[in-house]
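Q:
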Amino acid sequence: MHDHQPDPIDELIEFQIGKKPNQCTKIDKHIEPDVQGKIMSILYENADLFAWSSANMSGIDPNFICHRLAIHREARPISQKQRKIGGERREAVKAETQKLLNVGFIREIKYTTWLANVVMVKKSNGKWRMCVDYTDLNKACPKDAYPLPSIDRLVDGASGYAMLSFLDAYSGYNQILMYPPDEEHTTFITEQANYCYHVMPFGLKNAGATYQRLVGKVFANQIGRNLEVYVDDMVIKTKSPDNHVRDLEEIFKQIRKHNMRLNPEKCVFGVHGGKFLGFMITCRGIEANPDKCQALINMRSPKNYKEVQSDQCEQAFTNFKQFLSAPPILSKPTYQADLLLYLAVADNAISSTLV
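Counting from 1, one number per residue, gives the positions in the sequence shown under UniProt numbering.
Set out below in structure tokens:
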């Protein structure tokens, strides 16, 4: 799961889709007014698919999918000793536990064989995320070999389209329920009581595979055609802006059918490009991520004896940084067009490029 939101290349505007003024999502400011109006209309009609808090999530039908642990029969239950948590973290644990209780994600449990400690992680926005140390439980579970899609294939498949919309599920993992007999195995300890999860929590070994299986089933007819999905990162892709409204309607229909919910703060609609799985995808192709390029451009030259390089190395490094300041755009090959293989050979290395 990710805390970041898509970083589009377009100028965005916020517009209200909920009942309160602050219940907004984002859309490209400069798209054609007719297309923008149609997209806004679709979003208004489907405003109930966006969650403003965990209380707006009713969860996926467990008959469609739920998370099972499949603990090895020979595995011995492990009860971790309670670790000391002080200061700000202690108050954060108490507050987060109460939030989870209020929305029905956890319940108190008195008798359990598996017991794990909580781990507090500070998010980029300064808020706390409560995780659980399921190290022992994960060791007792076999790996779910459900295949995750190739990131290279997804990025290549999402580039070169005229219009994109980036979607993000609201607490995606928590929308999937635990298999009831396995709930007690997710028990964690706090100063107030022991609790187990009713929904699939972060930190379980096969949670990512279960979520990928969910989106694979929900969007089976859309993936590769007008949608690319990697766990909870989704991008709707369309060759022409006019067809983007139709694709949005199709995706929203599937989301509604399976009772999924989106995070409006992390969704962006009707843009011409943005970051997807660490790459910058646009209608032109795949562009270098400017954040990663800038980190290399800002690297300083050697300053001491151990770091010193030859003048030739320093010049090569300078040339490389200049190249990154205006990197090329990668585009998908034209179907049935000839490709050229370029080779570069040195005394101690060989490289190749297919163009």
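We put the beta carbon where it would ideally sit given N, CA and C, even for glycine. Here the structure is a predicted model, which means the values were calculated and not measured.
For the beta strand (DSSP E) containing Q16, list its first residue and its last residue.
A: One-based indexing of the sequence shown puts residue 16 at position 16. Element bounds for Q16: 12-16.
Q: Just the Cα atoms here: how many angstroms apart are V345 and I65?
A: In the sequence shown, residue 345 corresponds to position 345, counting from 1. In the sequence shown, residue 65 corresponds to position 65, counting from 1. Roughly 53 Å separates the two Cα atoms.
Q: Is there contact between the stretch 243-256 and the stretch 76-93, where contact requires at least three CB pairs shorter than 8 Å?
A: Result no; under three Cβ-Cβ pairs closer than 8 Å.
Q: Kindly provide the ranges of any alpha helix (DSSP H) runs that are 4 or more residues long and lie completely inside the stretch 215-295, ordered along the chain.
A: Listed in chain order, they are 241-257.
Q: I need the DSSP call for H30, collapsed to helix, strand or coil.
A: Counting from one through the sequence shown, the residue named residue 30 turns up at place 30. Reduced to three states, the DSSP call for H30 is coil.
Q: State buried or exposed for G270, treating a residue as buried only when at least 16 other CB atoms are found within 10 Å of its CB.
A: As a working note, residue 270 is residue 270 in the sequence shown. With 16 or more Cβ atoms within 10 Å of its Cβ, G270 is classed as buried.
Q: Please report the residue range of the beta strand (DSSP E) in which E184 lies.
A: For the purposes of this step, residue 184 is identified with residue 184 of the sequence shown, where counting begins at 1. Where E184 is concerned, there is no enclosing beta strand (DSSP E), given that its DSSP letter is neither H nor E.
Q: So, does the stretch 97-110 touch the stretch 251-265, judging by three or more C-beta pairs under 8 Å?
A: No: fewer than three Cβ pairs fall under 8 Å.
Q: Find the nearest neighbour of C141 within the set P33, H185, N174, judged by alpha-carbon distance.
A: By one-based count along the sequence shown, residue 141 stands at place 141. If we check each option's Cα against that of C141, H185 comes out closest.
Q: Closest to F219 by CA distance: which of V235, G208, K205, K29 is it?
A: By one-based count along the sequence shown, residue 219 stands at place 219. Checked all of V235, G208, K205, K29; the closest Cα to F219 is V235.
Q: Only counting the same chain, and skipping five residues up and downstream in sequence, which positions put a Cβ closer than 6 Å to that of A116?
A: Numbered from 1 along the sequence shown, position 116 holds the residue referred to as residue 116. So the list reads Q80, V132, D133, Y134, F188, once near-sequence residues are dropped.
Q: Compare the C-alpha of M40 against each of E249, H272, A51, K275 and name the closest.
A: Locating residue 40 in the sequence shown gives position 40, counting from the first residue. That would be E249, whose Cα lies nearest to the Cα of M40.
Q: Would you mind stating whether L277 and D311 have Cβ atoms separated by less than 9 Å?
A: Locating residue 277 in the sequence shown gives position 277, counting from the first residue. Locating residue 311 in the sequence shown gives position 311, counting from the first residue. No, these two residues do not count as a Cβ contact at 9 Å.
Q: Hey, S58 and N259: beta-carbon distance below 9 Å or not?
A: The residue you call residue 58 lines up with position 58 of the sequence shown. The residue you call residue 259 lines up with position 259 of the sequence shown. In this structure, N259 lies closer than 9 Å to S58 by Cβ.
Q: Under the rule that 16 or more other beta-carbon atoms within 10 Å means buried, what is A193, buried or exposed?
A: Working through the sequence shown from its first residue, we reach residue 193 at position 193. Exposed, since its Cβ has fewer than 16 Cβ neighbours within 10 Å.
Q: Given a cut-off of 9 Å, decide if R261 and Y170 are closer than it, judged by their beta-carbon atoms.
A: Residue mapping note: residue 170 aligns to position 170 of the sequence shown, counting from 1. Residue mapping note: residue 261 aligns to position 261 of the sequence shown, counting from 1. Taking 9 Å as the Cβ cut-off, Y170 and R261 qualify as a contacting pair.
Q: Would a C-beta distance cut-off of 9 Å place V231 and G274 closer than the cut-off?
A: Position 231 of the sequence shown, counted from the start, is the residue given in the question as residue 231. Position 274 of the sequence shown, counted from the start, is the residue given in the question as residue 274. Not in contact: V231 and G274 (Cβ atoms no closer than 9 Å).
Q: Kindly give me the distance between the Cβ atoms of F50 and I17, rounded to whole angstroms, as I take these residues to be in contact under 8 Å.
A: Within the sequence shown, the letter at position 50 stands for residue 50. Within the sequence shown, the letter at position 17 stands for residue 17. About 7 Å; that satisfies the 8 Å criterion.
Q: For K139, name the three-state secondary structure that DSSP assigns.
A: Residue numbering aside, residue 139 sits at position 139 when the sequence shown is read from its first letter. Reduced to three states, the DSSP call for K139 is helix.
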